[in-house]
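In this note's numbering, the protein residues as written are 125 to 326.
The beta carbon of each residue, even a glycine, is placed where N, CA and C say it ideally should be.
All figures in this text were calculated on a predicted structure; none of them were measured in a lab.
Here is the structure we will look at.
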Ligand SMILES: Cc1cc2nc3c(=O)[nH]c(=O)nc-3n(C[C@H](O)[C@H](O)[C@H](O)COP(=O)(O)O)c2cc1C
């Protein structure tokens, strides 16, 4: 038996949108390069706030938590985000310095998952991030409470949906300083499968 809400939820369209061309035979060696291409394409396609993402953390007991925040930067050191140390996420990251980020760019049927260890940025980087905030946003922050963290990814997944459900999934996995290249898997039943699985590395 399903509830009226369950029926209504089932009636809602999902996986709508138009995936752009995605040439899996010409993937960059690093996931950061592909991420930058995708987030810029999302912005160009009119996705509002493409830098908003869900950040998942876990507390000292391993209980998960998640919230939306803004990606601040991405470079060789990782995916950067900022918040207050006194927040729940701040306490969770102090107890358990690992996190995941999930981006979803609906009109393009694209999602990106980033996972890895978290470390706090230098005081200078944190100060620069705080200084770049509006005066209004800075006002509510207690001295010393602002922090900039980076996720040093060990796994980054790029997923692109398709109307015929032949979804494409590309997984980058870190292997020391390089990115590992794993075999390509084709689904046996494209209609029901999560899609073509492609593992890539440098
Ligand atoms: C679009 C959007 C962007 C947000 N950006 C941030 C952000 O960059 N940093 C932040 O600390 N909270 C941000 N928030 C608020 C968080 O979702 C969250 O409510 C807050 O950080 C407290 O989370 P916590 O209690 O899990 O620490 C944002 C919320 C939304 C909806």
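Status (buried if at least 16 other CB within 10 Å, exposed otherwise) for residue i
i, result
"residue 127", "exposed"
"residue 293", "buried"
"residue 285", "buried"
"residue 133", "exposed"
"residue 233", "buried"
"residue 224", "buried"
"residue 158", "buried"
"residue 179", "buried"
"residue 217", "buried"
"residue 151", "buried"
"residue 129", "exposed"
"residue 274", "buried"
Test item: CB-CB of residue i and residue j under 8 Å
i, j, result
"residue 239", "residue 213", "no"
"residue 219", "residue 245", "no"
"residue 280", "residue 236", "yes"
"residue 206", "residue 222", "no"
"residue 208", "residue 270", "yes"
"residue 193", "residue 215", "no"
"residue 343", "residue 183", "Limits of the chain in this structure are 125 at one end and 326 at the other, which puts residue 343 out of reach."
"residue 278", "residue 297", "yes"
"residue 262", "residue 272", "no"
"residue 155", "residue 303", "yes"
Residue i beta carbon near ligand 1 (any heavy atom closer than 7 Å)
i, result
"residue 191", "yes"
"residue 163", "no"
"residue 244", "no"
"residue 282", "no"
"residue 142", "no"
"residue 205", "yes"
"residue 275", "no"
"residue 184", "no"
"residue 176", "yes"
"residue 212", "yes"
"residue 173", "yes"
Sequence-distant residues of its chain with Cβ nearer than 6 Å to residue i (five each side left out)
i, result
"residue 199", "none"
"residue 318", "For residue 318, the predicted model reports a pLDDT of 49, less than 50, meaning its position is unreliable and no value from the coordinates is stated."
"residue 276", "202, 240 and 241"
"residue 228", "235"
"residue 163", "174"
Own chain partners of residue i with C-beta closer than 8 Å, once the 5 adjacent residues on each side are dropped
i, result
"residue 230", "140, 141 and 171"
"residue 167", "174"
Contact set for residue i: own chain, Cβ-Cβ below 7 Å, skip 5 residues either direction
i, result
"residue 146", "284 and 292"
Next item on the list: For the region 214-290, list the alpha helix (DSSP H) runs that are entirely contained and at least 4 residues long, ordered along the chain.
Entry: 247-256 and 259-263
Next item on the list: Tell me the start and end of each unbroken alpha helix (DSSP H) in the region 148-194 that is at least 4 residues and wholly inside, in chain order.
Entry: For the region 148-194, whole alpha helix (DSSP H) runs of length 4 or above, ordered along the chain, are 155-168.
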